[in-house]
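In this text, residue positions in the sequence shown follow numbering that gives the first Met the number 0: the first is 0, and each later residue adds one.
Note sheet for the following structure.
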Amino acid sequence: MFGFLKGLFGSKGPGVKELKEQGALFLDVRTAAEYRKGHVKGAMNIPLDLLASQADKLKARNKAIVVYCQSGKRAKTAKGILENAGVETVVNGGGWQRLSVKLADFNG
Numbered sequence: 000m001f002g003f004l005k006g007l008f009g010s011k012g013p014g015v016k017e018l019k020e021q022g023a024l025f026l027d028v029r030t031a032a033e034y035r036k037g038h039v040k041g042a043m044n045i046p047l048d049l050l051a052s053q054a055d056k057l058k059a060r061n062k063a064i065v066v067y068c069q070s071g072k073r074a075k076t077a078k079g080i081l082e083n084a085g086v087e088t089v090v091n092g093g094g095w096q097r098l099s100v101k102l103a104d105f106n107g
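Here it is as structure tokens:
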């Protein structure tokens, strides 16, 4: 049924698997301590409270960015920060554990 609805109404764009295949940057915006407990393999960690000061560097990478955190709340805020800084493609990946399952790529 969901496939039918997706076909009927279209999709917002590539999913996280496709973005990973295209070389997107996966950005963990949790604290360093949270990151050390487990994260998406290959992800960069920039805690949310430091993100605004690093936004220009991330924009200069000219890559799509998938932001994630514990539940998706901080990722939503991070998405806004990066979009306001001019990053063109930013996706809220939600919580890291669910994202890891989607990617089948875990480093804990």
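In this text, a Cβ means the ideal position worked out from N, Cα and C, and glycines have one as well.
Bear in mind that the values here come from a model prediction, so they are computed numbers and not experimental data.
Using DSSP's beta-bridge definition, name the partner residues of Asp27. Asn44 and Tyr67
Quick check: what's the CA-CA separation for Ala110 versus Val28? Here the chain has residues from 0 to 107 only, and residue 110 is not among them.
Is there contact here, the stretch 30–42 with the stretch 51–59, by at least three beta-carbon pairs under 8 Å? no
Are the CB atoms of Thr88 and Ala63 nearer to each other than 8 Å? yes
Using the DSSP secondary-structure output, state which residues sit across from Asn91 in a beta bridge. Val66
Simplified DSSP assignment, three categories, for Val86: coil
Ala32 to Lys72, Cα distance in whole Å? 18 Å
Which same chain residues end up closer than 6 Å to Lys75 when comparing Cβ atoms and leaving out the 5 residues on each side of it in sequence? Asn91
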